[in-house]
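*Asks:*
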Amino acid sequence: MHNIKKYFGLIILVLLVLTKIHDSNFVKRIENISYDTFQSIFIKKSTFEDVVIVDVDEKSIDVIGQFPWRRDIFANLINKLNLNKVAVISFDIFFSEDDRQNPKKILNEFNLNNEEVIDSDQLFLESIKSSNVVLSVLGDVSDYKKDNQSKPKTNIIARGSDVSKFTYFFKNKITSLEKFNDAAKGIGNISYLDSQDGVLRSIPMLLKIDNDLWPSLSLETLRVFHNHKNILVNADVNGINEIKTRKYQIKTDPNTLVFVNYKKFNKQNYISAVDVIEGKINEDRLKDKIVLIGSSAQGLFDFVKIPNGKVIPGVETHAHLIENIVNNDFIIKNLSTKIIENVLLLLSLIIVLMIPNKINPKFSIIFYVSLIIVLISFSSIVYQFNYFIDVLFTILSSAILFITTLYFRYLKENKIALDNEKKQIVLKQEREIAGEVQKKLFPREFSNKDLIFANNVPAKDVSGDYYDFISTNDDEIYFTLADVSGKGVKAGILMANAAAVFRSMAKLDKPVSTIAKFVNNQVADSSYQGMFITAVIGKFNLKDKSIEYINLGHEPIMIFDKNYNFEYLKANLPPLGLMKMNNDDFFKTNKININNKNLMIYTDGVTEGYLEDGSELEVSGLEKELKENKLIKTTEIINHISQLLTKKNKPLRDDITCLIISGHQN
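So for the sequence shown, my numbering puts the first residue at 612; every next one is plus one.
(1) Excluding the 5 residues flanking LEU957 on each side, which residues of the same chain have their C-beta closer than 7 Å to its C-beta?
(2) For the stretch 855 to 920, list the beta strand (DSSP E) runs that are entirely contained and at least 3 residues long, ordered along the chain.
(3) Write down every uninterrupted run of the beta strand (DSSP E) in the stretch 688 to 770 whose length is 3 residues or greater and which is fully enclosed by it, in chain order.
(4) Please look up how many angstroms separate the CB atoms of ASN1162 and LEU1180, rounded, as I've assumed it's under 8 Å.
(5) Can you tell me which residues form a DSSP beta bridge with ALA846?
(6) Give the DSSP bridge partners of GLY797, in chain order.
(7) Can you name the start and end residues of the beta strand (DSSP E) that ASN968 belongs to?
(8) Cα separation between THR1016 and SER701?
(9) Nearest to MET816 by alpha carbon, out of ASN852, SER806, ASP808, LYS782?
(10) THR1257 and LEU1233 - do their beta-carbons sit closer together than 9 Å?
(11) How many Å lie between PHE1013 and PHE1004 at the Cα?
(12) Tell me which same chain residues have a C-beta within less than 8 Å of the C-beta of ILE1281, skipping the five on either side of it?
(13) Do you know whose CA, among PRO679, ASP913, PHE1080, lies nearest VAL922's CA?
(14) Going by DSSP, name the residue or residues bridged to VAL1073.
(15) Let me confirm a value: PHE1090 is counted as buried when at least 16 other C-beta atoms fall within 10 Å, else exposed. Which label applies?
(16) From LYS900 to HIS839, what does the alpha carbon distance come to, in whole angstroms?
(17) Under 6 Å Cβ to Cβ from PRO1069, same chain only, skipping five residues before and after it: list those, please.
(18) For LEU1255 and TYR1078, I'd like the C-alpha separation in whole angstroms.
(19) Using DSSP bridges, identify the partner residues of ASP1085.
(20) Near LYS565, what residues of its chain come up, given a Cβ to Cβ distance below 8 Å and the 5 sequence neighbours on each side ignored?
(21) What does the alpha-carbon distance come out to for the pair PHE1053 and ASP1136?
(22) Along the chain, where does the beta strand (DSSP E) that runs through GLU1151 open and close?
(23) Starting from SER813, follow the beta strand (DSSP E) in both directions and report where the run begins and ends.
(24) Along the alpha helix (DSSP H) that carries THR1125, what are the first and last residues, could you check?
(25) Look at the alpha carbon of MET1169 and the alpha carbon of PHE1177, and state the distance between them as a whole number of angstroms.
(26) Which word fits VAL667, buried or exposed, when buried means at least 16 other C-beta atoms lie within 10 angstroms of its C-beta?
(27) Considering only the alpha carbon of each residue, which of VAL844, ASP710, ILE644, ASN759 lies closest to ASP864?
(28) Out of curiosity, what's the CA-to-CA distance linking SER947 and ILE622?
(29) Pick out whichever of THR1145, LEU1263, TYR1160, LYS1128 has its Cα sitting closest to the Cα of ASP1196.
(30) Just curious, the beta strand (DSSP E) that PHE1197 is in, first and last residue?
(31) Would the beta-carbon of LEU749 fall within 9 Å of that of ILE801?
(32) Skipping 5 residues on each side, what residues in its chain have a beta carbon closer than 8 Å to that of GLN1301?
(33) What is the rounded straight-line gap between the Cα of PRO924 and the Cα of PHE791?
(34) Can VAL752 be considered in contact with the ligand SAH, in the sense that its beta carbon sits closer than 8 Å to one or more heavy atoms?
(35) Please state whether DSSP places ASP940 in a helix, a strand or coil.
(36) By how many angstroms is the C-alpha of ASP647 removed from the C-alpha of GLN807?
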């Protein structure tokens, strides 16, 4: 199970890369979403003005009548276009049957013959012969073989491999009558290849229909426009890679597909067919232009959906394709772009697999968003040069791997957190036990609390402060109050060592200086990473109220009388444990008489403790509390200070420890 978790992200990475390489329908759908988005956002205005669409629109049908029109109308349309000196006329319309409205044919059916009656098909045929007309052919998927022997007008010259092996093909064709095709200067295919969503993104430049290779209508129109005879096709073992005329060079995919770069087509280039027939168009609008004849009338259903979401007449797609060929402005999707997509995918997945495991989770989100921005920016910039590189699949794949990576990291860190929590529970229990043991080290309350009283409020389970007092005879009491540099268990252990030495030496009734020396040396031997102890060690004579003491780096000792006159006895020696000493003389004691006075020893947890308003108590605050509350009794003083500093009911900044010896007459 552990190994599965360890390699799960790598397994997903491999599956995602293989999915991309396999290029399944799912991958293509995602790619199409990305492609269509770019086509919508970065659509440019068409700058090509050499193509005009003569439109069989609603207006033309209203004036002329229902469609299809009689052939003499089309003949008239061609003649009027020729009068306007157009260069090429291409039909996105078939004339696959004899004109059923042909007046000549109708009379013949009734065995009537009138030489003055027009033959609409013949008029149309004659207009085609006298013009640069390109007709259409369409691939037919039906099995019915139509008797139409029309052949391409273009001479396809193939170099390299057999071109027909790589082109899409149809068994049969739909096209105009042979007589019309024979008279036309060119025939181009208008076949579209079905897509899953019905969006026309790509168009084949060559198709194999009925065993013949047919150029697209746009390519054939340009061939006739420039009066070229041949189209050169280069191919290799991997497929077709280039189609050339004397003027144009077209890079295609291996199956001759090109991706159309749709522009904002100028609607001024649409001319109603009836306006041409009625002579309402200036020659300047048509002279030397390529004319595409098609339909935008709703009832004829010749519409296609393009990537930017718009629905346009089918004839307009040929206009876009002609512009792309002339300006060499196709959207490029080829083997190189596929390789770049796969490299981006692999690199992104590797980065997503590694980075989130190395950085803070909140920075992981920033990293992933940055990765998306970089990918989109790169793809957008490259698209400005007409190269389409899909990053949507990479983004979605990265999201899957990113979420998976974070999930397993969460599981891992959650397990670590649970393990740590268990350890903390054990440690807390051990600290609580240590705290309880430490409490045993503190002395019981003195029989006369008004004479000596002390209290300790630990900041943690184990305190680094300590106090003690021992009565060795009826007249003398040894006392100490100490503070270890540090908190927690280590401080408590060091304090326990010092306390044991103090208690044992005091019970032997040793001099204060000797006690200080032995405690100092024990701390020096037992200290951890330079820890030391500040302390006050002394002996109180109950009869004459005198005190012999040593202040070893501790807070000043406070002495005050009933009138709250304060004096302070500062430290005269460094803290315990800094170095070992072998001579008692170093630990010189001082003497003071506290008759009718209180001697108060406290740790910095008292003066630096926080009040309810967040400020520190400080020495001046301590004096103020004593004065304002007229505190003189030992128990009252200590209880008041303890309550004052714990009123906020929040974790303490430091241990609060205080010891008071009263020299007042009892």
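Every residue, glycine too, gets a C-beta built ideally from N, C-alpha and C.
*Replies:* Taking the geometry as given:
(1) Residue 957 sits at position 346 when you count from the first residue of the sequence shown. The residues are VAL628.
(2) Listed in chain order, the beta strand (DSSP E) runs fully inside the stretch 855 to 920 are 860 to 862, 868 to 870, 881 to 883, 901 to 906, 914 to 916, counting runs of at least 3 residues.
(3) 699 to 702, 744 to 751
(4) In the sequence shown, the residue the question calls residue 1162 occupies position 551. In the sequence shown, the residue the question calls residue 1180 occupies position 569. With 8 Å as the limit, ASN1162 and LEU1180 qualify as a contact, their Cβ atoms being about 6 Å apart.
(5) Here residue 846 refers to the residue found at position 235 when the sequence shown is read from its first residue. GLY771, ILE851, per the DSSP bridge assignment.
(6) Counting from one through the sequence shown, the residue named residue 797 turns up at place 186. In DSSP, GLY797 forms a bridge with VAL745.
(7) For the purposes of this step, residue 968 is taken as residue 357 along the sequence shown, with counting starting at 1. Counted as a single uninterrupted DSSP element, the stretch harbouring ASN968 is not any beta strand (DSSP E), since DSSP gives it neither H nor E.
(8) Within the sequence shown, the letter at position 405 stands for residue 1016. Within the sequence shown, the letter at position 90 stands for residue 701. Those two C-alpha atoms are separated by around 58 Å.
(9) Taking the sequence shown and counting its residues from 1, the one referred to as residue 816 is at position 205. The residue among ASN852, SER806, ASP808, LYS782 with its C-alpha nearest the C-alpha of MET816 is ASN852.
(10) If you number the sequence shown from 1, residue 1233 lands on position 622. If you number the sequence shown from 1, residue 1257 lands on position 646. Contact flag unset, no.
(11) Position 402 of the sequence shown, counting from 1, holds the residue named residue 1013. Position 393 of the sequence shown, counting from 1, holds the residue named residue 1004. When rounded, the distance between both Cα atoms is 14 Å.
(12) One cannot answer for residue 1281 here, as it falls past the ends of the chain, which runs 612 to 1277.
(13) Your numbering for residue 922 matches position 311 in the sequence shown. Per the Cα distances, ASP913.
(14) Within the sequence shown, numbered from 1, the residue matching residue 1073 stands at position 462. DSSP lists no bridge partner for VAL1073.
(15) Here residue 1090 refers to the residue found at position 479 of the sequence shown. Buried: at least 16 other Cβ atoms inside 10 Å.
(16) Position 289 of the sequence shown holds residue 900. Position 228 of the sequence shown holds residue 839. Cα to Cα, LYS900 sits roughly 17 Å from HIS839.
(17) As a working mapping, residue 1069 is identified with position 458 in the sequence shown. A distance below 6 Å between beta-carbons, with the five flanking residues on each side excluded, links PRO1069 to the following residues of its chain, in chain order: ASP1266.
(18) Your numbering for residue 1255 matches position 644 in the sequence shown. Your numbering for residue 1078 matches position 467 in the sequence shown. Each residue's Cα considered, the two are about 21 Å apart.
(19) Position 474 of the sequence shown, counted from the first residue, corresponds to residue 1085. Looking at the DSSP assignment, ASP1085 forms no beta bridge with any residue, so it has no partner.
(20) Nothing about residue 565 can be reported from this structure: the residues present for the chain run from 612 to 1277 only.
(21) Here residue 1053 refers to the residue found at position 442 of the sequence shown. Here residue 1136 refers to the residue found at position 525 of the sequence shown. Each residue's alpha carbon lies about 23 Å from the other.
(22) The residue you call residue 1151 lines up with position 540 of the sequence shown. Strictly speaking, residue 1151 in this sequence is Phe, with Glu absent from that position. Segment 1144 to 1152, the beta strand (DSSP E) holding PHE1151.
(23) Here residue 813 refers to the residue found at position 202 of the sequence shown. Segment 813 to 815, the beta strand (DSSP E) holding SER813.
(24) As a first step, residue 1125 must be located in the sequence shown, where it is residue number 514. From DSSP, the alpha helix (DSSP H) with THR1125 extends over 1123 to 1137.
(25) Position 558 of the sequence shown, counted from the start, is the residue given in the question as residue 1169. Position 566 of the sequence shown, counted from the start, is the residue given in the question as residue 1177. So the alpha carbons of these two residues sit roughly 7 Å apart.
(26) Mapped onto the sequence shown, residue 667 falls at position 56. Classification of VAL667: buried, given that the 10 Å Cβ count is 16 or more.
(27) Here the question's residue 864 lines up with position 253 in the sequence shown. If we check each option's Cα against that of ASP864, VAL844 comes out closest.
(28) Taking the first residue of the sequence shown as position 1, residue 947 is located at position 336. Taking the first residue of the sequence shown as position 1, residue 622 is located at position 11. Rounded to whole angstroms, SER947 to ILE622 spans 26 Å at the Cα level.
(29) Position 585 of the sequence shown, counted from the start, is the residue given in the question as residue 1196. The shortest Cα separation from ASP1196 among THR1145, LEU1263, TYR1160, LYS1128 belongs to LYS1128.
(30) Against the sequence shown, residue 1197 aligns to sequence position 586. It is not in any beta strand (DSSP E) - PHE1197 carries neither H nor E in the DSSP assignment.
(31) The sequence position of residue 749 within the sequence shown is 138, counting from 1. The sequence position of residue 801 within the sequence shown is 190, counting from 1. Yes, the pair counts as a contact, with Cβ atoms nearer than the cut-off.
(32) The requested residue 1301 is not part of the displayed model; the chain covers only 612 to 1277.
(33) In the sequence shown, residue 924 corresponds to position 313, counting from 1. In the sequence shown, residue 791 corresponds to position 180, counting from 1. Taking the straight line joining both Cα atoms gives about 24 Å.
(34) Ligands displayed in this structure: none; no statement on the ligand SAH is therefore possible.
(35) Numbered from its first residue, the sequence shown carries residue 940 at position 329. In the structure shown, ASP940 sits in coil (DSSP, three-state: anything other than H, G, I, E or B).
(36) Walking along the sequence shown from the start, residue 807 turns up at place 196. Walking along the sequence shown from the start, residue 647 turns up at place 36. As the crow flies, the alpha-carbon of GLN807 is around 14 Å from that of ASP647.
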